[in-house]
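As structure tokens, the structure follows; a few thoughts come after it.
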Amino acid sequence: MRTMTPAELVLMRKAGQITRDALNYAETLIKPGLSTYDLDKMVEKFIIDCGAIPSFLNYEGYPASICASVNAMVVHGIPSKDVTLREGDIISIDVGAIYKGYNGDAARTFPVGKIAPEKARLIEVTKNCFFEGIKNLKVGHRLGELSHAIQVYAESNGYSVVRELVGHGIGKKMHEPPSIPNYGKVTDGPIVVDNCCLAIEPMINMGRKEVWLLEDGWGVVTRDGKPSAHYENTVLVTKDGVEILTL
Ligand code: MF3
Ligand code: CO
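Residue 55 in numbering that gives the first Met the number 0 is what sits at position 56 of the sequence shown, and the numbering runs on without skipping anything.
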């Protein structure tokens with residue numbers, strides 16, 4: 000975690016706006032019958048047309064520009080012609096864009112058509128986890144205050160927090176220190192510095208917290224097969240508060 004310069008923050012804001020726009024564009028495309036392969040190709044073109052680089056493509060060998068994770072898939076779903084959205088599904092879409100060397104990273108879980116009320120509540124609580132978390136994200140305070148707040152909010156709503164995947168610092172690289180768990184004690188983690196950029200990303204399971212890694216080496220799914228949701232924004236933390244760069 001480091002203090003960024005005003006010139007860097009201009010580029011972080013721009014990267015964040017492109018990332019947000021790409022997610023909003025993805026949302027407009029969602030409908031039963033769409034393959035996650037086609038969704039990836041369209042969002043990839045959108046990012047490039049914005050003058051940015053899709054950061055996920057070829058990242059440690061990742062083969063696509065978005066992650067498209069349906070129902071029990073937590074994160075890192077590789078888009079596929081064999082995965083077609085159906086009414087009642089939920090899909091978590093994660094997007095990253097690099098603009099003039101600076102990264103934006105964000106994710107949302109969207110409904111496909113009409114969904115069960117339990118799934119809608121999971122999406123809502125996961126989003127609220129992010130906002131409860133950032134209420135506790137303050138310069139001069141420990142990052143654990145955010146982590147703890149997310150865990151308490153998720154568990155008090157009857158859900159569980161994935162342990163294996165975490166948020167992260169972000170800037171010239173998509174993943175910078177520190178790692179930011181969505182669980183823990185208020186005394187955990189480093190002290191937050193002024194003008195730092197972080198990706199905060201609760202991944203919340205309707206059932207148990209345990210996950211499996213798929214044989215493709217990327218996809219992460221819940222062990223109990225119950226649905227999972229993801230909500231991520233890149234944020235800037237200053238003495239004046241938290242600015243959400245991807246909203
Ligand atoms: N938003 C994801 C994260 O923070 C990035 C997806 S991983 C990739 O871990 F390999 F697909 F890029
Ligand atoms: Co991220």
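Where is the CB? At the ideal position from N, CA and C, for every residue including glycine.
What span of residues does the beta strand (DSSP E) with H229 cover, start to end?
-> S227 to H229
Taking one C-beta from the stretch 85 to 92 and one from the stretch 152 to 165 each time, how about it: are there three or more such pairs within less than 8 Å?
-> no
Cβ shell of K184 (< 7 Å), same chain only, five flanking positions each side left out | G143 and H147
So the alpha helix (DSSP H) T221 belongs to, where does it begin and stop?
-> Careful: T221 lies outside any alpha helix (DSSP H), inside the beta strand (DSSP E) at V219 to T221.
Within the stretch 124 to 161, ranges of the alpha helix (DSSP H) (whole runs, at least 4 residues) = 143 to 155
Around the Cβ of E59, are there at least 16 other Cβ atoms within 10 angstroms (buried) or fewer (exposed)?
-> That one is exposed.
Check whether the Cβ of A198 lies closer than 6 Å to any heavy atom of ligand 2, and answer yes or no.
-> yes
Would you list the one or two residues that DSSP bridges to P189?
-> Paired residue(s): none; P189 is not in a bridge.
In its own chain, which residues sit with a C-beta less than 6 Å from the C-beta of I133, not counting the 5 before and 5 after it?
-> V241
Between the Cα of E200 and those of N70, I92 and P31, spot the shortest distance and give me the residue it belongs to.
-> I92
Do you know how far the Cα of D39 is from the Cα of G76?
-> 11 Å
Validate contact between the stretch 117 to 126 and the stretch 160 to 178 using beta carbons, cut 8 Å, 3 pairs | no
Could you tell me how far apart the beta carbons of A228 and I114 are, in whole angstroms, since I believe they sit closer than 8 Å?
-> Between I114 and A228 the Cβ distance is about 11 Å, and since that is not below 8 Å, they are no contact.
Bridge partners of N102, per DSSP?
-> I97
Would you kindly report the start and end of the unbroken beta strand (DSSP E) that includes I199?
-> C195 to I199
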